[in-house]
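Beneath this line is the structure, given in structure tokens, with notes to follow.
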Amino acid sequence: MNSEQTNHFEPEAFKQNVLHHLKTTYSQEIEHASSRSWYLAMVRALSEMSVADMVDTAQDPRVRNAKHVNYLSLEFLMGRLTGNALINMNLYAQVEHVMQMLGQSLSDLLEYERDPSLGNGGLGRLAACFMDSCAAQQYPTVGYGLHYEYGLFKQSFVAGRQQEAPDEWRGEEGYPWERLRPELTQRVGLFGHVETEQQQGKTKRRWKPAQTVKAMAWDIPIIGYKSRTVYPLRLWECRAEQGFSLDKFNEGAYIEAQQSMIEAANLTKVLYPNDNHEQGKVLRLMQQYFHSAASIGDIVARHEQAGRDWESLPDYETIQLNDTHPAIAIPELMRVLIDEKDLAWQTAWSICTRVFAYTNHTLMPEALETWRKSLMTKLLPRHMELITEIDRHVLKQVVQRWPDDTEKQAKLAIISTEKEPMVRMANLCVVGSYAVNGVAAMHTELVQKELFPEFNSLFPNRIRNVTNGITPRRWLTYCNPDLANLIRHKIGHRWEDNLDHLVDLAAYADKPEFQSAFMATKKANKERLAQWVSAHLGLEINPDALFDVQIKRLHEYKRQHLNLLHILSLYHRLLHEPDFDMVPRVVFFAAKAAPGYHLAKEIIYAINQVATTINQDDRVNDKLKVVFIPDYRVSIAELIIPAADLSEQISTAGKEASGTGNMKLALNGALTIGTMDGANVEIREEVGDENIFIFGLNVHQVNQCLREGYDPHRYYTADPLLKASLDWLNTDYFTPGEPHGLKPVFDTLLRDGDPYLCLADFRSYVDAQTAVDRQYRDVQGWARKAILNTALVGKFSSDRSIRDYVETIWHLQPVKR
393 MNSEQTNHFE PEAFKQNVLH HLKTTYSQEI EHASSRSWYL AMVRALSEMS VADMVDTAQD
453 PRVRNAKHVN YLSLEFLMGR LTGNALINMN LYAQVEHVMQ MLGQSLSDLL EYERDPSLGN
513 GGLGRLAACF MDSCAAQQYP TVGYGLHYEY GLFKQSFVAG RQQEAPDEWR GEEGYPWERL
573 RPELTQRVGL FGHVETEQQQ GKTKRRWKPA QTVKAMAWDI PIIGYKSRTV YPLRLWECRA
633 EQGFSLDKFN EGAYIEAQQS MIEAANLTKV LYPNDNHEQG KVLRLMQQYF HSAASIGDIV
693 ARHEQAGRDW ESLPDYETIQ LNDTHPAIAI PELMRVLIDE KDLAWQTAWS ICTRVFAYTN
753 HTLMPEALET WRKSLMTKLL PRHMELITEI DRHVLKQVVQ RWPDDTEKQA KLAIISTEKE
813 PMVRMANLCV VGSYAVNGVA AMHTELVQKE LFPEFNSLFP NRIRNVTNGI TPRRWLTYCN
873 PDLANLIRHK IGHRWEDNLD HLVDLAAYAD KPEFQSAFMA TKKANKERLA QWVSAHLGLE
933 INPDALFDVQ IKRLHEYKRQ HLNLLHILSL YHRLLHEPDF DMVPRVVFFA AKAAPGYHLA
993 KEIIYAINQV ATTINQDDRV NDKLKVVFIP DYRVSIAELI IPAADLSEQI STAGKEASGT
1053 GNMKLALNGA LTIGTMDGAN VEIREEVGDE NIFIFGLNVH QVNQCLREGY DPHRYYTADP
1113 LLKASLDWLN TDYFTPGEPH GLKPVFDTLL RDGDPYLCLA DFRSYVDAQT AVDRQYRDVQ
1173 GWARKAILNT ALVGKFSSDR SIRDYVETIW HLQPVKR
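Quick note: to get the working numbering, add 392 to the position in the sequence shown (first position is 1).
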């Protein structure tokens, strides 16, 4: 915090508070306390400080009277909070000293914290960065998510295959950073029917839910950078309205006595319940509505408590929908305003369309959420009525604009006209929002021209761009302290508040002394990762090797299987070409596959089987190793990213909206190998063509290739190295005794048409990797490029992203505390 704030820290008082919690909260004696108990007591003392600031921030009249952004997201992948919080509070050194006085190592204690399992991939990590940047720049913010009991899942590998287990991230003692806020409890209805009522001569439609559950609020403090500003991440937990039934229990019906509690708890049990069956679909939609309804209820209550009229709601609140998961919030606010607050339909719609904004994260039609109208009608009958009215209202505008174009009318409808009508949540978001944004310049252009061209014409200037960003507090200062200190030594501290100042580092890119120092920090990070791999996976790797890293969600469009083909090509050449030479390389993967995503799991299995074979082959071990790190999470990323030499960003052009891993890796001095996709395009603009390895088809060429009838066999038969590498997957070489073990991957690339064009890009990818190999041999040249990657990516700070949102969409004012 600022110097005044730091002075409020009293080491002796903090020490006594830690000891107090050790004894009274965790029932431990100093002499016999476990390290985990010391960690919990320390964090409890820290969280008391930040929760007090969070309450004070909320009660500050300037904050209460300011416009807020309410960030609705089903994912907030926060990472471990304590170390990052200490940096933001400017208390790292002081707390480290106090814990040393108590005989404890702060760095050792921090290892006892488990990542909150509140997200999956880039969507949740982006939301976490945005919350950090909003608090750092002191823009009034509330984040709204779900309080998952298990989150996604804890991943392990058994015989190479992904195994999923519950991730009990809170531990038996609970999570010390969070606070239950029972006074904020909301009630959420489900199922039931709609009745017509007469009130004061008016006909009203009233929803009569068949089931009501309670949404209990848990607040996690998001701490501003060197200030007293702390805003809440508010997570909703589902509990039964009517809990334990003593009557049924006394009758001996022990399970039935708890049935409503069990059913309610299921709603916030896991992130994204598997929806490849009907019960899963119902549960996922229930989960989305529960999240949206509780959040809308909280926002409405805050506005009402301030004594403001409903017409002024857009002046004080904006609601950012992070993807379509919270889209049902739009008809929910309509329901509240019309049914509960007695506003006219047009008035309510005018308010809604000035409150909501929507972030689109995908161009792929299959990833744009749709729900069966019949399911929506069953679960949320009043909302289905309102969606139908919204659809009718918008279609009037469409017919007015294109009176004879039934094709456009069908495309822009919220409710599809197919045999099984579907509710298109992306269409609902676009028509119900005053701003729609893409997340990278190229992505936004494609949203305007290819995904929503008609909406772009119907609502000019509604679709805008806000390129994603990452928080430098976590993704440089915290995860790479040696590099952060080296940068401070050269260019001072200004970059910590404004990452644009990193450009000053470029002046040192050609200085041999600085090159050596920069690469020494990289080497130390690589040694740290190598030690972790040795200790946890039992594999010895060479820290002087090129560390080639692909860490992201496992999905076909991200093309981990293209990376696998390159590994196979290297292995094949090492075994069959006596004159083939390559710099030693360790290829790292870390990724989870969604439980119901069969092919993604097969790709994981293939990578693991190939890795096992290569890593046990003495003929190539000084040249090539493959490491798949299980249970990918933020703390694992914090270990891998500072150690990476090469950043794999190899999605099919036009499929990755932005990416943020590409930004984190470049910031930490990794060179990117990637396609012209997502934010890679803008990274290339910033760092320069000579400091990035671009390969493959661009978006136009991908579309042309698919239009003309893409045939992967043509590439397969024309390239002997590709054929040899791919054919290996159709043998039992990597799965002894199981000749078809890797056939699903072989089939998707050849028999099933290679939908993401891996074979079309293979040769270009191999050539780019050859250029990487050649460049890595030039130690000084590589160091120069690595330094420039760090120096020139200041644009990709989430602080800048938030300023863009504030200026072009939210129109907030900071409240400095």
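Ideal placement from N, C-alpha and C gives every residue a C-beta, glycine not left out.
A straight-line Cα-Cα distance of about 32 Å links residue 1204 and residue 1030. For residue 577, there is no enclosing alpha helix (DSSP H); the residue is part of the beta strand (DSSP E) that begins and ends at 571 to 582.
Taking a C-beta distance under 7 Å as the contact criterion, residue 510 and residue 540 qualify as a contact pair.
One thing to note: residue 746 has its Cβ within 7 Å of the Cβ of residue 706. Beta-bridge pairing by DSSP links residue 589 to 596. When DSSP states are grouped into helix, strand and coil, residue 942 belongs to the strand group. Excluding five sequence positions before and after residue 487, the CB atoms of its chain that fall closer than 8 Å to its own CB belong to 406, 434, 438, 478 and 498, given in chain order. For residue 857, the enclosing beta strand (DSSP E) stretches over residues 855 to 857.
Using a Cβ distance threshold of 7 Å, residue 502 and residue 475 count as a contacting pair. In this structure residue 1050 touches residue 860 by the C-beta definition: roughly 4 Å separates them, less than 8 Å. Per the coordinates, the alpha-carbon of residue 1054 lies some 10 Å from the alpha-carbon of residue 1188. Contact between the segment 1123 to 1136 and the segment 921 to 941 is absent, with fewer than three C-beta pairs closer than 8 Å. Proximity to residue 987 across 1195, 800, 996 and 589 peaks at 996, based on C-alpha coordinates. For residue 1021, the secondary structure class from DSSP, reduced to helix, strand or coil, is coil. Judged by their CB atoms, residue 1155 and residue 1111 are nearer to each other than the 7 Å cut-off. The C-beta separation of residue 821 from residue 713 comes to about 6 Å, placing the pair in contact by the 8 Å criterion. Around the beta carbon of residue 427, a 10 Å sphere encloses fewer than 16 other beta carbons of the protein chains shown; the residue is thus reported as exposed.
Our two residues, residue 942 and residue 804, have alpha carbons roughly 38 Å apart in a direct line. Setting aside the 5 residues that flank it on each side, residue 1012 is surrounded in the same chain by 966, each with a C-beta closer than 6 Å to its C-beta; the list follows chain order. Scanning the segment 1066 to 1122 for uninterrupted alpha helix (DSSP H) segments of 4 residues or longer gives 1072 to 1079, 1091 to 1099, 1104 to 1110 and 1112 to 1120, listed from N- to C-terminal end. For residue 975, no beta strand (DSSP E) encloses it, and the DSSP letter there is neither H nor E. Pairing residue 1133 with residue 957, the inter-Cα distance amounts to about 16 Å. Around the C-beta of residue 862, 16 or more other C-beta atoms lie within 10 Å, and the residue is accordingly described as buried. Three or more Cβ pairs drawn from the segment 904 to 913 and the segment 873 to 889 lie within less than 8 Å of each other, which places the two stretches in contact. Distances from the CA of residue 1063 to each of 1150, 1115 and 1175 were compared; the closest alpha carbon is that of 1175. For the pair residue 1070 and residue 665, the Cα-to-Cα distance works out to about 28 Å. Between residue 921 and residue 977, the C-beta gap is not smaller than 7 Å, which leaves the two residues out of contact.
The shortest CA-to-CA distance from residue 1186 to any of 961, 1074 and 590 is the one to 1074.
DSSP places residue 403 within a helical segment (H, G or I) once states are collapsed to three.
Here residue 1088 has 1045, 1067, 1153, 1156 and 1157 as same chain residues with Cβ atoms under 7 Å from its own Cβ, once five neighbours each way along the sequence are excluded. Leaving aside the five residues that flank residue 874 on each side, the residues in its chain whose CB is nearer than 7 Å to its CB run, in chain order, 913 and 916. Residue 947 and residue 992 do touch by the CB rule: their CB atoms are close to 6 Å apart, below 8 Å. Under DSSP, residue 750 forms a beta bridge with 713 and 828. Residue environment analysis places residue 939 among the buried positions, since at least 16 neighbouring C-beta atoms fall within 10 angstroms of its C-beta. In this structure residue 607 is in contact with residue 682, their Cβ atoms being roughly 6 Å apart against a cut-off of 8 Å. Inclusion of residue 732 and residue 688 in the CB contact set at 7 Å is not warranted, their separation being larger than that value.
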